[in-house]
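Residue numbers for the sequence shown, in this note's numbering: 14 to 101.
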Amino acid sequence: MCQRDRSCGNAENQAAEDQRPGPVENAEGAEAGRLFLEQMIVHHQGAIEMAQTEVEDGANEAAIKMADTIASSQSSEVQTMQDLLAGM
């Protein structure tokens with residue numbers, strides 16, 4: 014789970030951050046699309062984790078509501094991206 018000092022992330026998230034921009038810039042066609050989707054999934058998973066922390070620990074109702082919306086929408090987007098990857 015994310016820490017309140019914003020030390021969010023996991024090994025996969027950091028690995029995706031470390032890979033940018035090289036692999037995507039050097040890839041073409043389907044490989045570029047695959048790399049994009051893989052990195053965006055990790056990025057979204059980090060956002061979901063941060064949003065869930067806000068929902069669980071937040072004090073501002075507006076921020077909690079926004080975080081809940083983010084977690085829901087990003088979860089849906091992750092599923093869509095996973096489906097796209099499976100079809101590649």
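The beta-carbon is built from N, C-alpha and C at its ideal position, and this holds for glycine as well.
{"Check": "Nearest-angstrom Cα separation, counted from L97 out to G42", "Outcome": "14 Å"}
{"Check": "Helix, strand or coil at N73 [DSSP, three-state]", "Outcome": "coil"}
{"Check": "The stretch 83-90 touching the stretch 59-68, judged by at least three CB pairs closer than 8 Å", "Outcome": "yes"}
{"Check": "Cut-off 7 Å between Cβ atoms - residues of its own chain near Q95, not counting five sequence neighbours on either side", "Outcome": "I54"}
{"Check": "Local conformation of A43 per DSSP, three classes", "Outcome": "helix"}
{"Check": "Residues near A40 by beta carbon distance below 7 Å, same chain, minus five either side", "Outcome": "L48"}
{"Check": "Per-residue DSSP class, three states only, for G100", "Outcome": "coil"}
{"Check": "Sub-8 Å separation of Q52 and V91 beta-carbons", "Outcome": "no"}
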